[in-house]
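Student: The listed protein sequences correspond, in order, to chains D and G. Each residue of the first sequence is one higher than the one before, starting from 2 at the first, in my numbering. Each residue of the second sequence is one higher than the one before, starting from 184 at the first, in my numbering. A virtual CB, placed ideally from N, CA and C, is assigned to each residue, including glycine. Attaching a single structure in structure tokens format; questions to follow.
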Amino acid sequence: EPEVTQTPSHQVTQMGQEVILRCVPISNHLYFYWYRQILGQKVEFLVSFYNNEISEKSEIFDDQFSVERPDGSNFTLKIRSTKLEDSAMYFCASIWEADTQYFGPGTRLTVL
Amino acid sequence: DAKTTQPPSMDCAEGRAANLPCNHSTISGNEYVYWYRQIHSQGPQYIIHGLKNNETNEMASLIITEDRKSSTLILPHATLRDTAVYYCIVRVRKPGNQFYFGTGTSLTVIP
Numbered sequence: 002e003p004e005v006t007q008t009p010s011h012q013v014t015q016m017g018q019e020v021i022l023r024c025v026p027i028s029n030h031l032y033f034y035w036y037r038q039i040l041g042q043k044v045e046f047l048v049s050f051y052n053n054e055i056s057e058k059s060e061i062f063d064d065q066f067s068v069e070r071p072d073g074s075n076f077t078l079k080i081r082s083t084k085l086e087d088s089a090m091y092f093c094a095s096i097w098e099a100d101t102q103y104f105g106p107g108t109r110l111t112v113l
Numbered sequence: 184d185a186k187t188t189q190p191p192s193m194d195c196a197e198g199r200a201a202n203l204p205c206n207h208s209t210i211s212g213n214e215y216v217y218w219y220r221q222i223h224s225q226g227p228q229y230i231i232h233g234l235k236n237n238e239t240n241e242m243a244s245l246i247i248t249e250d251r252k253s254s255t256l257i258l259p260h261a262t263l264r265d266t267a268v269y270y271c272i273v274r275v276r277k278p279g280n281q282f283y284f285g286t287g288t289s290l291t292v293i294p
């Protein structure tokens, strides 16, 4: 069964550094998403992406965040200047059948 | 915000059916009920969804009351690997729509 993949599985960075989290959605999917989950808290929506542009974003997704689909397979989330509070699990998701979102395994981001 | 209410935790004996309730009293006519689960810190896993009819797949059954104000997810023969947080989500079935995850029900399957 096709899967959403994410790299790296764990990213450690220093505060103020830029990070890029990568996702490979299931091929032929059209909508792509990023969510995050701070340890012990809820899964929170960040942004959705369709037809090479952002279709919806949450309050969390401020100017420090950006998304891109640089080629036909990858979908990336960039955080320009990381803060301690950006430490979280970041999940990518894409739509396969109808509108059921399928999630990747996540990237654990640790900001020191 | 999440429009559902779920018990924070439940236990179930291995091999028995796990029945996870969800209240969604303000559900709209065009909103579907979705169930996802999250095992430890893995990505949420889709289980099942429905509008008003009962649904069954290889993982679970979904029973929705006639007034659609509540539903029950049934895992027919729970195993230790079913220990997870289960999320009940209501949303309009539209591709761009996000999923609002609440706090879910932490299900522990006991040997």
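1. At a CB distance below 9 Å, what residues from the stretch 283-294 of chain G approach chain D? Give them in sequence order.
2. Is the separation between the beta-carbon of D/Thr1 and that of D/Ser88 shorter than 9 Å?
3. Smallest Cα separation from D/Gln15: which of D/Phe104, D/Pro106, D/Leu85?
4. Give the secondary structure of G/Leu263 by DSSP, where H, G and I count as helix, E and B as strand, and everything else as coil.
5. Shorter than 9 Å from the beta carbon of D/Val5 to some beta carbon of chain G?
6. Give me the subset of the stretch 228-256 of chain G whose CB atoms are less than 8 Å from a CB atom of chain C, sorted by chain position.
7. Which one or two residues does DSSP pair with G/Leu290 in a beta bridge?
8. When you compare each of D/Leu31, D/His11, D/Ile21 to G/Pro278 by their alpha carbons, which one comes out closest?
9. What are the boundary residues of the beta strand (DSSP E) that includes G/Ile222?
10. Could you tell me whether the stretch 198-211 of chain G touches the stretch 254-262 of chain G, where touching means 3 or more Cβ pairs closer than 8 Å?
11. Quick check on DSSP: helix, strand or coil for D/Leu85?
12. I want to check one thing, is the minimum distance from the CB of D/Ile39 to the heavy atoms of the ligand GDP below 8 Å?
13. With three or more C-beta pairs closer than 8 Å as the rule, is the stretch 201-218 of chain G touching the stretch 60-69 of chain D?
14. Assign D/Val5 to one of three DSSP states: helix, strand, or coil.
15. In chain G, which residues lie with their C-beta within 8 Å of the C-beta of D/Thr101?
16. If you measure between the beta carbons of D/Gln102 and D/Ile80, is that distance less than 9 Å?
17. Can you give the Cα-Cα distance for G/Tyr219 and D/Tyr91, rounded to whole angstroms?
Tutor: Reading off the structure:
1. Close to chain D, meaning a Cβ-Cβ distance shorter than 9 Å, are the following residues of the stretch 283-294 of chain G: Tyr283, Phe284, Gly285, Thr286, Gly287.
2. This structure cannot settle anything about residue 1 of chain D, because the visible part of chain D is limited to 2 through 113.
3. The count along the first sequence starts at 1 and reaches residue 15 of chain D at position 14. Of the candidates D/Phe104, D/Pro106, D/Leu85, D/Leu85 places its Cα closest to the Cα of D/Gln15.
4. In the second sequence, the residue the question calls residue 263 of chain G occupies position 80. Helix at G/Leu263.
5. Counting from one through the first sequence, the residue named residue 5 of chain D turns up at place 4. Chain G contact via Cβ: present.
6. In the structure shown, chain C cannot be found, because the protein chains are D and G.
7. What you label residue 290 of chain G is simply residue 107 of the second sequence in a count that begins at 1. Paired residues: G/Met193, G/Ala267.
8. Residue 278 of chain G sits at position 95 when you count from the first residue of the second sequence. Closest by alpha carbon: D/Leu31.
9. The count along the second sequence starts at 1 and reaches residue 222 of chain G at position 39. Segment: none, G/Ile222 is in no beta strand (DSSP E) and carries neither H nor E.
10. Judged by pairs of C-beta atoms under 8 Å, the stretch 198-211 of chain G touches the stretch 254-262 of chain G, as three or more such pairs exist.
11. Start at 1 with the first residue of the first sequence, and residue 85 of chain D comes out as number 84. Of the three classes helix, strand and coil, the one that applies to D/Leu85 here is helix, per DSSP.
12. As far as ligands go, the structure on display features none, and thus does not contain the ligand GDP.
13. Touching, no, given that fewer than three Cβ pairs across the two stretches are closer than 8 Å.
14. As a working mapping, residue 5 of chain D is identified with position 4 in the first sequence. It is coil, neither helix nor strand.
15. If you number the first sequence from 1, residue 101 of chain D lands on position 100. The answer, in chain order, is Tyr217, Tyr229, His232.
16. Within the first sequence, numbered from 1, the residue matching residue 102 of chain D stands at position 101. Within the first sequence, numbered from 1, the residue matching residue 80 of chain D stands at position 79. Taking 9 Å as the Cβ cut-off, D/Gln102 and D/Ile80 do not qualify as a contacting pair.
17. For the purposes of this step, residue 219 of chain G is taken as residue 36 along the second sequence, with counting starting at 1. For the purposes of this step, residue 91 of chain D is taken as residue 90 along the first sequence, with counting starting at 1. Their backbone Cα atoms lie some 17 Å apart in a straight line.
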